[in-house]
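What follows is a short report on a single structure.
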Amino acid sequence: MLLEGKKGLIIGVANKHSIAWAIAEAAMREGARLAFNYQNDRLKENVAGLVEGLDGACLFPCDVSSDAEIESFMKSVEDEFGTIDFLVHSVAFAPREELTGEFVATTRQGFATALDVSAYSLVALSRAALPLMTNGGSIVTLTYLGAERVVPHYNVMGVAKAALESSVRYLAADLGPRGIRVNAVSAGPIRTLAARGVSGITKMVDAHRQIAPLRKATEQAEVGDTTVFLLSSMSRGITGEVIYVDDGYHILGALAPV
Ligand SMILES: NC(=O)c1ccc[n+]([C@@H]2O[C@H](COP(=O)([O-])OP(=O)(O)OC[C@H]3O[C@@H](n4cnc5c(N)ncnc54)[C@H](O)[C@@H]3O)[C@@H](O)[C@H]2O)c1
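Just so you know, the sequence shown maps onto residues 78 to 335 in this note's numbering.
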């Protein structure tokens, strides 16, 4: 029970395939009490259906591109939980047309949207969560190798993930003296709702399975368990880090079996 007595926020469940949902399941298993968001009314019913069976959980709306919604989300959480111990940020978005073809075609608006929803939201949510993290805590976000290497069609989302990973380091430096750690988990490709927006995702998962050192696809539950480690005191000496849960794919130089 690594998270016994701890309370935290899970931002980014859309459905049962969401990485955030696997993190929630792992955190519940380890004894945490959770507050969830849903992005909009279209997703509300789905998320409510998942959350309603969970002991002590609550659910409030929050579109992370709105400061007002973030503020009212945190107010609702404060009314319900008082304080929190952790925040999981598992949110990303870029317009679909930016995730196909060439990066050089990225529009100004597409760039701004991707960076706002996928990177700035970590900063905004962390700041809004601070008053509730009176006892230190742990913040974890989800990133992808496309931040550092060129992955076909990942395009502006790679730039957004680079900004996200850099934000993790700046936040870790700011919040460390308050006992709050900030880390990222870099997951291998998994076919989720968001990933389906990246053209060629199915081929990427197949290639990953063939050439990653562990010769398998990354699973949500693996990301969930590593995230729980980062949320728990087991990782109390780690902050500002990117931890890979990708079957070792990122260590490879040759990207074909030899
Ligand atoms: N699936 C993968 O291959 C993979 C790999 C590495 C990292 N990731 C990252 O994991 C995280 C979760 O993605 P996922 O794959 O579980 O997909 P998902 O579609 O299940 O989750 C993405 C979530 O982002 C939310 N979201 C998007 N815009 C939002 C907004 N404006 N306000 C509030 N919420 C918003 C969606 O509602 C959804 O719940 C993302 O950061 C993604 O980039 C995914």
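Cβ coordinates follow ideal geometry from the N, Cα and C atoms, glycine included.
Model, not experiment: these values are computed from the prediction.
| field | Helix, strand or coil at Pro254 [DSSP, three-state] | value | helix
| task | List the DSSP bridge partners of Tyr326. | result | Answer is none; Tyr326 lacks a bridge partner.
| field | Cα-Cα separation, Gly82 to Met105 | value | 11 Å
| Is Tyr321 near ligand 1, going by C-beta to nearest heavy atom under 7 Å? | no
| message | Suppose only complete runs of 4+ residues qualify. What are the alpha helix (DSSP H) ranges in the region 121 to 188, listed by chain order? | response | 144 to 158
| message | Let's see if you can read the secondary structure: which residues bound the alpha helix (DSSP H) around Lys280? | response | Ile278 to Ile288
| query | CB of Val233 to nearest heavy atom of ligand 1: below 7 Å? | reply | no
| task | Assuming Ala261 and Val245 form a contact by the criterion Cβ under 8 Å, report the distance between their Cβ atoms to the nearest whole angstrom. | result | 5 Å
| request: Please confirm if the region 129 to 148 is in contact with the region 181 to 188, defined as three or more CB-CB distances below 8 Å between the two stretches. | output: no
| message | Under DSSP, the alpha helix (DSSP H) around Arg303 begins and ends at which residues? | response | Reading off the sequence, residue 303 comes out as Thr, not Arg. First-last of the alpha helix (DSSP H) with Thr303: Gln297 to Leu308.
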